[in-house]
Amino acid sequence: MTGSVPNIRVTAVNDREIRPDRAFVLYWMTAFRRTHYNFSLQRATDWSRELQKPLLILEALRSDYRWSSERLHRFVLDGMRDNRQSLQERPVTYYPFVETERKGGKGLLEALAGRACVVVSDDYPCFFLPRMIESAGSRLGVRLEKIDSNGILPLRAADRVYLRAYDFRRFLQKSLREHLAHFPLADPLGGADFPGPAESPAECRKRWAAAGSDLLERSGAAWRKIPLREEVPATEEEGGAVGGRKALQRFLDLRLSRYAEERNQPERQATSGLSPYLHFGHVSSHEVLKRLLEGEGVEPVSLRPGKVGKRESWWEISPGAQEFSDQLLTWRELGFNLCWQREDYMEYESLPEWARETLEEHAGDPREPCYSRKEFEAAQTHDELWNAAQRQLLREGRIHNYMRMVWGKKILEWSESPREAARIMIALNDKYALDGRDPNSYSGIFWCLGRYDRAWGPERPIFGKIRYMSSQNTARKFSVGKYLEKYRAG
Numbered sequence: 188m189t190g191s192v193p194n195i196r197v198t199a200v201n202d203r204e205i206r207p208d209r210a211f212v213l214y215w216m217t218a219f220r221r222t223h224y225n226f227s228l229q230r231a232t233d234w235s236r237e238l239q240k241p242l243l244i245l246e247a248l249r250s251d252y253r254w255s256s257e258r259l260h261r262f263v264l265d266g267m268r269d270n271r272q273s274l275q276e277r278p279v280t281y282y283p284f285v286e287t288e289r290k291g292g293k294g295l296l297e298a299l300a301g302r303a304c305v306v307v308s309d310d311y312p313c314f315f316l317p318r319m320i321e322s323a324g325s326r327l328g329v330r331l332e333k334i335d336s337n338g339i340l341p342l343r344a345a346d347r348v349y350l351r352a353y354d355f356r357r358f359l360q361k362s363l364r365e366h367l368a369h370f371p372l373a374d375p376l377g378g379a380d381f382p383g384p385a386e387s388p389a390e391c392r393k394r395w396a397a398a399g400s401d402l403l404e405r406s407g408a409a410w411r412k413i414p415l416r417e418e419v420p421a422t423e424e425e426g427g428a429v430g431g432r433k434a435l436q437r438f439l440d441l442r443l444s445r446y447a448e449e450r451n452q453p454e455r456q457a458t459s460g461l462s463p464y465l466h467f468g469h470v471s472s473h474e475v476l477k478r479l480l481e482g483e484g485v486e487p488v489s490l491r492p493g494k495v496g497k498r499e500s501w502w503e504i505s506p507g508a509q510e511f512s513d514q515l516l517t518w519r520e521l522g523f524n525l526c527w528q529r530e531d532y533m534e535y536e537s538l539p540e541w542a543r544e545t546l547e548e549h550a551g552d553p554r555e556p557c558y559s560r561k562e563f564e565a566a567q568t569h570d571e572l573w574n575a576a577q578r579q580l581l582r583e584g585r586i587h588n589y590m591r592m593v594w595g596k597k598i599l600e601w602s603e604s605p606r607e608a609a610r611i612m613i614a615l616n617d618k619y620a621l622d623g624r625d626p627n628s629y630s631g632i633f634w635c636l637g638r639y640d641r642a643w644g645p646e647r648p649i650f651g652k653i654r655y656m657s658s659q660n661t662a663r664k665f666s667v668g669k670y671l672e673k674y675r676a677g
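What follows is the structure, encoded as structure tokens:
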């Protein structure tokens, strides 16, 4: 099929045939949980038009994934609620399914795929999703495609892993222009001449009942029965596309003008707050960049010519927009660049050779104090600024961007070994952070251990040549009194 989605974003998971004689096109929504700026949904609508078959959208939520909790479930359910509302008057069928018992959804995908002409899903390179998609491809008797709608740069546009942000930025600023000309549609369903909503099979509806308001609105007995793995309370953060667009508007209206100067200050509300929405696919980086540049009065394709590699070499835009563009493009995309090409993206062995060498040379250095994961998790260290950062994670599901770097550096300093430090950081972040289990969260964790960095001097105990950070230096650089007060014990 010659569709509207660039070929570089389309990957066949299996070699099964298209079945035009069947009832509908199935979009299995797994990572890009939104109805706007979504190449996967766009691909599914292309197939629906080509085959003149209705479109059925399955969005399912398992109960038994690693780290499942009320915190993570509620954020996803907010998104499912928003998707149901968004699709209510559209000529498609939305099938939200939420497991209320372990393995309760087993067989649903196969049952729907047995009626599908083709199945389209999401190409997200992290957590359990790649294994799940590959497993489904081997089981289904119909063609399964996965579509890359992760970022501005298609995953497969860079044919090697970049080890430094500067080098990756140079690559982006030389090669990104062609991809800036191919944004996903703001409304993939707009103007679509579908033959009418798909009829989900009666036996599926009977065995796997679609989630009702009691689940999507998190009320009633069904919500309380979900067998979640972890006891982590929900935060006050509203998930979903509606919450994500509110966060984007708040950032553009109130924070962008201060972003360049204040984003590293713990007491200032100058960061975007978008990482959870990007992680769960409730907001697209394409929409974020489009809105940002519209406010600056420039077109995405108007990249600055000339010298490349510098953070200031993107567009002729304000300092705040320039700094944020670099975070969205260089640093966010850098994590995806490594993650899809290396299966060990969250392993200690993925660190650069120089970093592993210096950490191992100092692995036997005395650690005083030395804390266990349980003590770190409970924010029971001698350092009140570190404890405040951990309490922010426990309560809000996030840590201020600068404080997260300090948080990771001190875990390295106070753990029995660098390998144990990596394990503790990953466990705490994946369990509590709304933006955890993501290429960018692993980039941030392993940056604390040398990934994307260089050797620093003078060489220090424990750190060796790894960049050093401390709570004391942070308190000297920034005002932290209000931050300590806000996240004190109690």
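The sequence shown begins at 188 in my numbering and counts up by one.
Heads up, the beta-carbon is just placed ideally off N, CA and C, and yes, glycines get one too.
Source: prediction; values computed, not measured.
Residue burial is scored here from C-beta neighbours: residue 474 has at least 16 other C-beta atoms within 10 angstroms and is therefore classed as buried. Ranked by how close their Cα comes to the Cα of residue 236, the residues 217, 225, 189 have 189 in first place. Cβ contact annotation for residue 518 (same chain, cutoff 8 Å, sequence separation greater than five): 352, 627, 630, in chain order.
By the neighbour-count definition (other C-beta atoms within 10 Å, threshold 16), residue 346 is an exposed residue. Excluding its 5 nearest sequence neighbours in each direction, residue 562 has C-beta neighbours in its own chain below 8 Å: 568, listed in chain order. As the crow flies, the alpha-carbon of residue 552 is around 28 Å from that of residue 350.
Counting C-beta atoms within 10 angstroms of its own C-beta, residue 441 has fewer than 16 neighbours from the protein chains shown and is therefore classed as exposed. Per DSSP, the beta bridge partners of residue 283 are 246. The beta carbons of residue 242 and residue 279 sit about 4 Å from each other, so the pair counts as a contact at 8 Å.
Ranked by Cα distance from residue 233, the options 294, 305, 498 are led by 305. Exposed is the label assigned to residue 253, since fewer than 16 other Cβ atoms lie within 10 Å of its Cβ. Nearest C-alpha to residue 229 among 374, 267, 204, 310: 374. Per the Cβ contact rule, the region 573-588 is in contact with the region 660-677 (3 or more Cβ pairs under 8 Å). The Cβ-Cβ distance between residue 340 and residue 486 does not fall below 8 Å. Between the region 281-300 and the region 313-329 there are three or more inter-stretch CB-CB distances shorter than 8 Å, so the stretches are counted as touching.
For residue 410, the enclosing alpha helix (DSSP H) has its first and last residue at 407-412. The Cβ neighbour count for residue 308, taken over all protein chains shown within 10 Å, is at least 16; the residue is labelled buried.
Assigned with DSSP and collapsed to three states, residue 665 falls in coil, not helix or strand. Ranked by Cα distance from residue 459, the options 391, 420, 588, 393 are led by 588. Counting only residues of its own chain and dropping the five nearest sequence neighbours on each side, residue 428 has a CB closer than 6 Å to the CB of 221, 269, 469. Taking the C-beta atoms as reference points, residue 193 is found nearer than 8 Å to residue 369. In the assembly as shown, residue 509 is a buried residue. Its beta-carbon has 16 or more other beta-carbons within 10 Å. A contact between stretches requires three or more CB pairs, one per stretch, nearer than 8 Å, and the region 499-507 fails this requirement with the region 537-550. Close CB contacts of residue 316 within its chain, under the 7 Å cut and outside five residues either way in sequence, are with 217, 218 (chain order).
Between residue 255 and the set 289, 360, 277, the nearest pair of CA atoms involves 289. For residue 423, the three-state secondary structure derived from DSSP is coil. Straight-line spacing of the CA atoms in residue 478 and residue 651 works out to 43 Å. Beta-bridge partners of residue 216 (DSSP): 246.
Residue burial annotation: residue 450 is buried, with at least 16 other C-beta atoms found within 10 angstroms of its C-beta. Counting only residues of its own chain and dropping the five nearest sequence neighbours on each side, residue 367 has a CB closer than 8 Å to the CB of 339, 487, 488, 490. Residue 651 has 647 as its beta-bridge partners, per DSSP. For residue 334, the enclosing beta strand (DSSP E) starts and ends at 331-334. Residue 636 and residue 653 do touch by the CB rule: their CB atoms are close to 7 Å apart, below 8 Å. Looking at the DSSP output, residue 309 bridges to 334. For residue 545, the uninterrupted alpha helix (DSSP H) segment begins and ends at 540-548. Counting along the chain, the unbroken beta strand (DSSP E) around residue 199 starts and ends at 197-199.
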